[in-house]
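At the far end of the sequence shown sits residue 155, using the working numbering, and the numbering has no gaps.
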Amino acid sequence: LEILEEWPEVDDIVVPIGGGGLISGIAVAADESARTSVIGVEVEASAPFTHSMKAGRIVEIDVKPTLADGLAGNLDPDTPTFDIVRRLVRRILLVTERQLEDAIRGIAAEERLIAEAAGAAGVAAIIAGMDVRGRNVAVVLSGANIDLEKFRKIV
Numbered sequence: 001l002e003i004l005e006e007w008p009e010v011d012d013i014v015v016p017i018g019g020g021g022l023i024s025g026i027a028v029a030a031d032e033s034a035r036t037s038v039i040g041v042e043v044e045a046s047a048p049f050t051h052s053m054k055a056g057r058i059v060e061i062d063v064k065p066t067l068a069d070g071l072a073g074n075l076d077p078d079t080p081t082f083d084i085v086r087r088l089v090r091r092i093l094l095v096t097e098r099q100l101e102d103a104i105r106g107i108a109a110e111e112r113l114i115a116e117a118a119g120a121a122g123v124a125a126i127i128a129g130m131d132v133r134g135r136n137v138a139v140v141l142s143g144a145n146i147d148l149e150k151f152r153k154i155v
């Protein structure tokens with residue numbers, strides 16, 4: 001809601017997807033705006049929404065190790081977030097581990113912020129080439145819980 005209140009001209013809100021709670025809440029709020037769409041971002045190593053959307057139902061996936069541990073894992077078979085995301089999220093993009101590292105580095109260098117990989121997934125999508133030309137895009141940066149030694153190695 002805060003994004004929409006502060007910036008009613010926003011066209012897209014880019015949101016990391018883990019279990020789907022954060023993006024579901026944002027998508028429900030953004031659904032009130034005719035101009036704003038929500039775009040989700042998952043990591044290639046763990047993309048349960050992407051695979052489930054293709055299947056038309058929640059499916060179990062093989063979860064691989066990822067820097068974005070906050071986005072890793074399968075969906076609960078009874079989660080209400082799947083239907084919300086299916087109805088209200090315009091599309092879901094996938095990012096790689098390298099793109100997550102680039103995003104963490106870029107956020108540290110440009111914004112002087114520490115971001116965990118899960119939280120930086122939206123920025124990773126932009127860095128990876130999401131077309132934002134001519135659009136007002138907000139990116140949700142949702143966490144700073146990263147091991148400092150891991151952070152030092154990345155930056």
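Every residue gets a Cβ at the ideal spot worked out from N, C-alpha and C, and that includes glycine. Given the structure is predicted, the values throughout are model-derived calculations rather than measurements.
Please state whether DSSP places S33 in a helix, a strand or coil.
Stepping through the sequence shown from its first residue, residue 33 is reached at position 33. It is coil, neither helix nor strand.
Outcome for A55 when other beta-carbon atoms lying within 10 angstroms are tallied against a minimum of 16:
Within the sequence shown, numbered from 1, the residue matching residue 55 stands at position 55. A55 is exposed by the Cβ-count criterion.
Whole-angstrom C-beta distance between V10 and G40, which should lie under 8 angstroms:
Within the sequence shown, the letter at position 40 stands for residue 40. Within the sequence shown, the letter at position 10 stands for residue 10. Wrong, their Cβ atoms sit about 16 angstroms apart, outside the cutoff.
Taking DSSP's pairing of strands, which residues face S46 in a bridge?
Here the question's residue 46 lines up with position 46 in the sequence shown. Among the bridge pairs identified by DSSP, S46 is matched with V43.
Nearest by alpha-carbon distance to R87: which of E5, G20, A72 is it?
Here the question's residue 87 lines up with position 87 in the sequence shown. Distances from the CA of R87 to each of E5, G20, A72 were compared; the closest alpha carbon is that of G20.
Out of curiosity, what's the CA-to-CA distance linking E116 and I104?
Working through the sequence shown from its first residue, we reach residue 116 at position 116. Working through the sequence shown from its first residue, we reach residue 104 at position 104. It is roughly 7 angstroms from the alpha-carbon of E116 to the alpha-carbon of I104.
Can you give me the Cβ contacts of N74 inside the same chain, cut-off strictly under 7 angstroms, excluding the 5 residues immediately before and after it?
Against the sequence shown, residue 74 aligns to sequence position 74. P48, E60, I61, V63, listed in sequence order.
Contact check, I58 vs P77, beta carbons under 8 angstroms:
Numbered from its first residue, the sequence shown carries residue 58 at position 58. Numbered from its first residue, the sequence shown carries residue 77 at position 77. Cβ atoms of I58 and P77: closer than 8 angstroms.
If I'm right that L22 touches V15 with Cβ under 8 angstroms, what's the distance once you round it to whole angstroms?
In the sequence shown, counting from the first residue as 1, residue 22 sits at position 22. In the sequence shown, counting from the first residue as 1, residue 15 sits at position 15. Sure, about 6 angstroms apart at Cβ, within 8 angstroms.
Using a Cβ-Cβ cutoff of less than 6 angstroms, which residues in the same chain neighbour I17 once the five nearest sequence positions on both sides are dropped?
Indexing the sequence shown from 1 puts residue 17 at position 17. Scanning its chain for C-beta atoms nearer than 6 angstroms, with the 5 sequence neighbours on each side dropped, one finds around I17 the residues I23, G40, E42, F49, in chain order.
Spatial neighbours of A72 within its chain, please: C-beta separation below 6 angstroms, excluding the five flanking residues on both sides.
Within the sequence shown, residue 72 is the residue found at index 72, counting from 1. In chain order, S46, V63, T66 place their CB closer than 6 angstroms to the CB of A72, counting only its own chain and leaving out the 5 sequence neighbours on each side.
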